[in-house]
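J.:
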Amino acid sequence: MLKLSKLTDYAAVVMAQIARYPEQAHAATELADAVQLPHPTVSKTLKMLVRAGLLESRRGSLGGYRLARPAASITASDIIGAIEGPVAMTECSHADGDCDLVNTCGVADNWQRVSLAIRTLLDSVTLAHLAQEAPLKLPVQLPIQSVTLASRAEI
């Protein structure tokens with residue numbers, strides 16, 4: 001099963017909560033209470049999101065966590081990448097990938113197309129979308145045939 005980790009799911013939930021109230025700084029305890037997750041889990045998630053540059057943190061009485069940029073410019077791919085690393089279906093599907101079978105497998109280009117289609121979809125979903133209560137409307141069919149890949153020399 002292709003599945004995101006619980007921590008990535010929690011990161012999206014926490015980020016959406018912050019995005020709903022972007023004008024205020026959010027304490028870790030307040031966020032944990034609001035999304036009903038354990039404080040240590042929320043704290044760990046917040047630190048990872050700060051490290052990835054998606055959140056800013058300030059100490060002090062007026063401190064807390066805020067979005068580092070507008071919710072409309074943070075993508076689902078950004079959030080997943082902050083927790084899981086690059087979005088790729090297989091080892092050879094991302095730029096830093098290394099595969100022992102690259103010269104003989106015969107499916108690398110197609111896996112790269114699938115990975116690119118998934119990244120394209122995840123890049124089209126913003127934190128502003130995720131923070132809305134209404135369900136997202138996604139395309140029924142991905143244009144996988146129109147996805148172009150870099151030549152082997154560029155990879």
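Quick note on full-length UniProt numbering: the sequence shown kicks off at 1 and runs consecutively. For each residue, glycine too, the CB sits at the ideal point set by N, CA and C.
What are the boundary residues of the beta strand (DSSP E) that residue 159 is part of?
T.: No answer is possible for residue 159: it lies beyond the span of the chain, which begins at 1 and ends at 155.
J.: Of the residues C99, A11 and P40, which one's Cα is nearest the Cα of A52?
T.: Reading the sequence shown from its first residue, position 52 is the one you call residue 52. Selected option, being the one with the closest Cα: A11.
J.: Measure from the alpha carbon of L4 to the alpha carbon of each residue in A16, A88, A19 and E30, then state which is nearest.
T.: Residue 4 sits at position 4 when you count from the first residue of the sequence shown. That would be A88, whose Cα lies nearest to the Cα of L4.
J.: With H, G and I counted as helix, E and B as strand and the rest as coil, what does DSSP make of T90?
T.: Within the sequence shown, the letter at position 90 stands for residue 90. Looking at T90 - three-state DSSP - the assignment turns out to be coil, as it is neither helix nor strand.
J.: Would T45 and L127 be called neighbours here (beta carbons separated by less than 9 Å)?
T.: Numbered from 1 along the sequence shown, position 45 holds the residue referred to as residue 45. Numbered from 1 along the sequence shown, position 127 holds the residue referred to as residue 127. Result no, Cβ atoms of T45 and L127 do not sit closer than 9 Å.
J.: Look up T126 in the DSSP assignment and say whether it is helix, strand or coil.
T.: If you number the sequence shown from 1, residue 126 lands on position 126. Here T126 sits in strand by DSSP.
J.: According to DSSP, is R69 part of a helix, a strand, or is it coil?
T.: Locating residue 69 in the sequence shown gives position 69, counting from the first residue. It is coil, neither helix nor strand.
J.: Mind checking which residues open and close the alpha helix (DSSP H) that includes E133?
T.: Within the sequence shown, residue 133 is the residue found at index 133, counting from 1. Note, E133: premise wrong, no alpha helix (DSSP H); not H, not E.
J.: Can you give me the C-alpha to C-alpha distance between C99 and L2, rounded to a whole angstrom?
T.: As a position in the sequence shown, residue 99 is number 99, starting the count at 1. As a position in the sequence shown, residue 2 is number 2, starting the count at 1. Rounded to whole angstroms, C99 to L2 spans 20 Å at the Cα level.
J.: Run through DSSP, which three-state label would G64 get?
T.: Taking the sequence shown and counting its residues from 1, the one referred to as residue 64 is at position 64. Correct three-state label for G64: strand.
J.: Quick check: the Cα distance between K47 and S57, rounded to an integer number of angstroms?
T.: Your numbering for residue 47 matches position 47 in the sequence shown. Your numbering for residue 57 matches position 57 in the sequence shown. Whole-angstrom Cα-Cα distance: 9 Å.
J.: Do A25 and R66 have their C-beta atoms within less than 9 Å of each other?
T.: Mapped onto the sequence shown, residue 25 falls at position 25. Mapped onto the sequence shown, residue 66 falls at position 66. Contact flag set, yes.
J.: Between the Cα of T59 and the Cα atoms of Q36, A28 and H39, which residue gives the shortest distance?
T.: As a position in the sequence shown, residue 59 is number 59, starting the count at 1. A small fix is needed here, since residue 59 is Arg in this sequence, not Thr. Comparing alpha-carbon positions, the option among Q36, A28 and H39 lying closest to R59 turns out to be A28.
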